[in-house]
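Peer 1:
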Amino acid sequence: MRICVYPGSFDPFTEGHLDVLRNAVSLFDCVYVGVLNNAAKRATFTPKERVQMIERAVSDADFTNVKVESFDGLLVDYATRIGASYIIRGLRAITDFEYEFQIDAINRHLQPHIQTVYFMANPSHSFLSSSTVKEIGGYGGNIRGLVPDCNIKMITERLMNQ
Ligand code: ADP
Numbered sequence: 250m251r252i253c254v255y256p257g258s259f260d261p262f263t264e265g266h267l268d269v270l271r272n273a274v275s276l277f278d279c280v281y282v283g284v285l286n287n288a289a290k291r292a293t294f295t296p297k298e299r300v301q302m303i304e305r306a307v308s309d310a311d312f313t314n315v316k317v318e319s320f321d322g323l324l325v326d327y328a329t330r331i332g333a334s335y336i337i338r339g340l341r342a343i344t345d346f347e348y349e350f351q352i353d354a355i356n357r358h359l360q361p362h363i364q365t366v367y368f369m370a371n372p373s374h375s376f377l378s379s380s381t382v383k384e385i386g387g388y389g390g391n392i393r394g395l396v397p398d399c400n401i402k403m404i405t406e407r408l409m410n411q
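Counting from 250, one number per residue, gives the positions in the sequence shown under this note's numbering.
Below you can see the structure in the form of structure tokens.
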């Protein structure tokens, strides 16, 4: 059984994240989406809210081999706990590459048997990040097409009330 984990902040989950997840779903038997619960990073949505918004998007997309959870601590420890031999990440630009290159080296050092698999961003979403969504939504802009439709209402309401 090929198990992978797609870790991230997902604050909030975007159509770009969904592209990466769609690729992972078609290649792996079981995909864990791991929402990083990082106490040091101030997030707009709680880990529970992020898990719920991803679960809604997963259900709308009819993915049947996905589990969504939040985790804290080291990613490689979480991956080992759930039996994942692969980590999934997305690459948008050179800046992502430099960051991912460094994280990959650290993860290999900590747990050499876990491989990271990268998907290039869908060109129509290569500009898209959670911070872009927060910036646009915070000014009352339309975030349709940037996040899954099922989450537009809750994301817009939160961003407008900040
Ligand atoms: P992190 O804080 O771990 O980088 P993010 O939620 O920002 O968490 O991103 C999670 C993963 O999804 C990262 O590998 C990131 O490069 C990737 N990603 C984010 N946005 C996109 C996008 N538009 N297209 C493809 N991959 C993306």
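From the three backbone atoms N, C-alpha and C, an ideal C-beta is built for every residue, glycine too. Just so you know, these numbers come straight off a predicted model, no measurement behind them.
Assuming the contact rule is C-beta atoms closer than 8 Å, Leu267 and Val280 should be a hit. Round their C-beta distance to whole Å, please.
Peer 2: The count along the sequence shown starts at 1 and reaches residue 267 at position 18. The count along the sequence shown starts at 1 and reaches residue 280 at position 31. Contact flag wrong, Cβ pair sits at about 12 Å.
Peer 1: So for Thr365, helix, strand or coil by DSSP?
Peer 2: Residue 365 sits at position 116 when you count from the first residue of the sequence shown. Thr365: strand per DSSP, three-state reduction.
Peer 1: Could you tell me which whole beta strand (DSSP E) segments of length 3 or greater appear in the region 311-385?
Peer 2: Entirely contained in the region 311-385, the beta strand (DSSP E) runs reaching 3 residues are, in chain order, 315-320, 335-340 and 364-369.
Peer 1: Name all residues in chain order for which at least one heavy atom of the ligand ADP lies closer than 7 Å to the residue's CB.
Peer 2: Going by the Cβ distance cut-off, the answer is Pro256, Gly257, Ser258, Phe259, Asp260, Thr263, Gly265, His266, Asp268, Val269, Leu285, Arg338, Gly339, Leu340, Arg341, Asp345, Glu349, Phe368, Ala370, Asn371, His374, Ser375, Leu377, Ser378 and Ser379.
Peer 1: DSSP beta-bridge partners for Leu285?
Peer 2: As a working note, residue 285 is residue 36 in the sequence shown. For Leu285, which the question treats as bridged, DSSP gives the partners Phe320.
Peer 1: Nearest to Ser373 by CA position, among Leu395, Cys399, Val382 and Ile352, is which residue?
Peer 2: For the purposes of this step, residue 373 is taken as the residue at position 124 of the sequence shown. For the residues Leu395, Cys399, Val382 and Ile352, the minimum Cα distance to Ser373 belongs to Leu395.
Peer 1: Do Ile363 and Ala328 have their C-beta atoms within less than 8 Å of each other?
Peer 2: Residue mapping note: residue 363 aligns to position 114 of the sequence shown, counting from 1. Residue mapping note: residue 328 aligns to position 79 of the sequence shown, counting from 1. Yes. Within cutoff.
Peer 1: To which residues does DSSP link Val254 through a beta bridge?
Peer 2: Here the question's residue 254 lines up with position 5 in the sequence shown. For Val254, which the question treats as bridged, DSSP gives the partners Tyr281 and Ile336.
Peer 1: Along the chain, where does the alpha helix (DSSP H) that runs through Arg305 open and close?
Peer 2: Within the sequence shown, the letter at position 56 stands for residue 305. Segment Pro296 to Asp309, the alpha helix (DSSP H) holding Arg305.
Peer 1: How should Tyr348 be labelled, buried or exposed, when 16 other C-beta atoms within 10 angstroms of its C-beta is the threshold for buried?
Peer 2: Looking up residue 348 in the sequence shown gives position 99. The residue in question, Tyr348, is exposed, as its Cβ has fewer than 16 Cβ neighbours within 10 Å.
Peer 1: Would DSSP call Arg393 helix, strand or coil?
Peer 2: Along the sequence shown, one-based indexing puts residue 393 at 144. Correct three-state label for Arg393: strand.
Peer 1: Using a threshold of 8 Å, state whether the C-beta atoms of Met409 and Gly389 are closer than that.
Peer 2: Working through the sequence shown from its first residue, we reach residue 409 at position 160. Working through the sequence shown from its first residue, we reach residue 389 at position 140. Yes, they are a contact pair.
Peer 1: Please work out which residues of its chain come closer than 7 Å, Cβ to Cβ, to Arg305, disregarding the five sequence neighbours upstream and downstream, and give them in chain order.
Peer 2: Taking the first residue of the sequence shown as 1, we reach residue 305 at position 56. Cβ neighbours of Arg305 beyond the five flanking positions: Cys399 and Asn400.
Peer 1: Exposed or buried, what is Gly322 when buried is set at 16 or more other beta-carbons lying within 10 Å of its beta-carbon?
Peer 2: The residue given as residue 322 occupies position 73 in the sequence shown. Counting Cβ neighbours within 10 Å, Gly322 comes out exposed, since fewer than 16 surround it.
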